[in-house]
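I have placed the structure first, in the form of structure tokens, so that the comments after it can refer back to it.
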Amino acid sequence: LVMILLGAIVLLAAVWFTGEIGHHENAFYACLLLIAGGAIGAFASLNLFFFYAFHELALIPTFLLIGIWGTGNRRAAAWKVTIYLALGSVILLVGLIMLYRAVPSSARSLDLRVLQAAASAGEIAPVMQSSIYLVLLIGFGILISLVPFHTWAPEAYASAPAPAAMLHAGVLKKFGLYGLLRLALPLLPDGARHWSGLLLLLLLANIIYIGLVTIAQRRLDWMLGYSSVMHMGYIFLGIASANILGTTGAAILMFAHGLSIALLFAITGEIRKRVSSLDFEAMGGLAKQMPLAAFAFGLGVFAAIGLPGFSNFAAEIMVVFGAFRNGFDYQHFHIFQWATLLALWGVVISAIYMLRAYRRTFFGSPAESGIAIADIRSGFRFPIALLVAASILFGFFPQIAVQRIAPAFRNYFTASP
1 LVMILLGAIV LLAAVWFTGE IGHHENAFYA CLLLIAGGAI GAFASLNLFF
51 FYAFHELALI PTFLLIGIWG TGNRRAAAWK VTIYLALGSV ILLVGLIMLY
101 RAVPSSARSL DLRVLQAAAS AGEIAPVMQS SIYLVLLIGF GILISLVPFH
151 TWAPEAYASA PAPAAMLHAG VLKKFGLYGL LRLALPLLPD GARHWSGLLL
201 LLLLANIIYI GLVTIAQRRL DWMLGYSSVM HMGYIFLGIA SANILGTTGA
251 AILMFAHGLS IALLFAITGE IRKRVSSLDF EAMGGLAKQM PLAAFAFGLG
301 VFAAIGLPGF SNFAAEIMVV FGAFRNGFDY QHFHIFQWAT LLALWGVVIS
351 AIYMLRAYRR TFFGSPAESG IAIADIRSGF RFPIALLVAA SILFGFFPQI
401 AVQRIAPAFR NYFTASP
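Just so we're aligned: 84 in the working numbering is position 84 of the sequence shown, and the numbers increase by one with no gaps anywhere.
Below, the structure is given as structure tokens:
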């Protein structure tokens with residue numbers, strides 16, 4: 001329900017921020033609706049076939065949005081993201097077929113609830129669980145931009161029109177994370193336990209390595225693209241914790257990140273229309289001429305770095321404490337403790353690149369003096385308020401989401417053999 005709400009909010013904001021397309025306007029909106037519809041359909045599906053099919057529905061619209069309405073080297077970016085996502089989808093399909101065939105023929109079904117019951121009864125052998133989980137992790141990992149399968153994301157988001165980046169980074173990208181939480185972790189607990197060390201290593205690379213790469217970026221759009229990749233590491237940390245607290249935090253962080261990154265991409269898209277370049281060296285002092293944009297972008301930055309009062313903060317706290325409690329066994333508990341302490345440095349890294357980008361974009365001396373730049377339209381106050389209000393609501397009252405998410409994970413972990 002929370003992810004469906006995220007899809008609806010971001011879709012509304014993306015359509016509101018679209019503005020004038022210039023050509024093939026109907027096709028543009030159709031592509032946006034297909035991406036949002038595919039994501040929402042996957043989140044709502046209880047059938048293995050439709051779970052996969054709805055996600056694939058959004059693949060071609062993503063290619064078209066970047067290739068036709070994108071900017072910069074859009075065609076190369078469109079092909080790159082399509083090849084990566086198609087490869088991830090094929091690997092994911094193999095994993096889903098393996099999962100279906102691993103269940104005894106008497107219990108085989110495309111209904112996720114039936115598969116969950118079979119897994120709870122211990123009908124999937126631990127050796128098979130290990131193999132299937134690895135395939136699913138690779139397939140979902142490519143779709144999520146898990147290191148080392150991350151290179152498609154920054155280029156795609158930098159080239160995509162703002163509404164497409166909002167929907168993909170904010171909503172569709174969460175499909176892979178949702179799949180790990182909904183399928184891989186509850187159905188394959190032994191496989192998740194076996195590969196927890198590998199996942200821990202990769203998520204730390206997402207947080208620390210990608211975080212440092214993000215600091216080195218010199219363009220606002222590329223910085224946001226890499227920051228989206230970096231923040232996936234914290235959601236993976238909650239998944240790797242394999243307990244109710246950590247996984248609930250991961251699910252809420254998916255929602256929170258979707259709101260904040262959508263707002264940041266929306267404002268960046270408006271800035272792109274008004275300046276000659278998104279290079280930090282070519283910007284500066286925009287707050288004087290774009291006060292509403294500066295205010296909205298600042299709220300997005302504060303949410304993204306986990307400032308108290310925003311849903312990102314509440315979710316990250318749950319993820320961190322969940323990782324310290326590590327749901328597998330105490331033999332590896334000290335590893336998770338040290339890994340969590342190392343991951344906490346990512347909070348500092350994200351604050352550095354986000355606040356520095358905010359300062360270099362909106363404050364200081366303008367790089368191009370004497371050029372009048374119009375602020376974003378006052379009509380954009382509604383989608384801005386919608387995204388911010390949803391984040392603040394779940395930031396001050398996270399129990400609203402916890403009460404709806406935690407029972408599902410409680411059933412998963414208590415039912416696991």
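Beta carbons: idealized from backbone N, C-alpha and C, even for Gly. No experiment lies behind these values; they were computed from the predicted model shown.
Put simply, the backbone Cα of residue 282 is about 12 Å away from that of residue 364. Between the segment 203 to 218 and the segment 247 to 262, the count of Cβ pairs shorter than 8 Å is below three; the stretches do not touch. DSSP places residue 113 within a helical segment (H, G or I) once states are collapsed to three. In this structure, residue 263 sits near residue 387, with a CB-CB distance shorter than 7 Å.
If you draw a straight line from the Cα of residue 159 to the Cα of residue 109, it is about 41 Å long. Around the beta carbon of residue 20, a 10 Å sphere encloses fewer than 16 other beta carbons of the protein chains shown; the residue is thus reported as exposed. A Cβ-Cβ contact shorter than 7 Å links residue 412 with residue 186. Beta-bridge partners of residue 47 (DSSP): 111. Listed in chain order, the non-local C-beta contacts of residue 203 below 6 Å within the same chain comprise 233, 236 and 237, local neighbours out to five positions each way being set aside.
Around the Cβ of residue 55, a 10 Å sphere holds 16 or more other Cβ atoms; the residue is buried. Annotation for residue 229: the continuous alpha helix (DSSP H) segment containing it runs 220 to 241. The beta-carbon separation of residue 171 and residue 6, rounded to 6 Å, stays under the 8 Å limit for a contact. For the alpha helix (DSSP H) assignment, the uninterrupted runs of no fewer than 4 residues enclosed by the segment 313 to 369 are, from N- to C-terminal side, 333 to 362. Look at residue 190 here: in three-state DSSP terms it is helix.
Judged by beta-carbon spacing, residue 88 lies beyond the 7 Å limit of residue 40, meaning their Cβ atoms are not closer than that value. For residue 294, same chain residues with a beta-carbon under 6 Å away, outside a window of 5 residues either side, are 287 and 362 in chain order. Secondary structure note for residue 16: its alpha helix (DSSP H) is the uninterrupted segment 2 to 16. Taking 8 Å as the upper bound for CB-CB distance, residue 98 and residue 135 are in contact here, some 6 Å apart.
Looking from the CA of residue 33, the closest CA among 11, 44, 150 and 52 belongs to 11. For residue 59, the enclosing alpha helix (DSSP H) stretches over residues 59 to 69.
Residue pairing by DSSP places residue 375 opposite no residue, since no beta bridge is assigned to it. Only residues of its own chain outside the window of five on either side were considered, and among them 244, 247 and 248 have a CB closer than 7 Å to the CB of residue 409, listed in chain order. The alpha-carbon separation between residue 398 and residue 69 amounts to approximately 37 Å. Shown here for residue 124: same chain residues with a beta carbon closer than 6 Å to its own, the five before and five after excluded, namely 102 in chain order. Short of 7 Å from the beta carbon of residue 190, and not among the five residues preceding or following it, lie these beta carbons of its own chain, in chain order: 126, 129 and 130. In this structure residue 217 is buried. Its beta-carbon is surrounded by 16 or more other beta-carbon atoms within 10 angstroms. With distances taken between CA atoms, residue 197 lies nearest to 240 out of 181, 221, 240 and 223. Nearest C-alpha to residue 374 among 270, 392 and 145: 270.
Shortest Cα-Cα distance from residue 305 to any of 339, 94 and 347 involves 347. Pairing residue 8 with residue 166 gives a Cβ-Cβ distance that is not under 7 Å. Here residue 258 is not near residue 310, since their CB atoms are 7 Å or more apart. Going by beta carbons, residue 77 and residue 66 fall inside the 7 Å limit. Ranked by Cα distance from residue 59, the first of 175, 113, 351 and 117 is 175. Proximity to residue 313 across 351, 277 and 278 peaks at 351, based on C-alpha coordinates. The beta carbons of residue 81 and residue 156 sit closer together than 7 Å.
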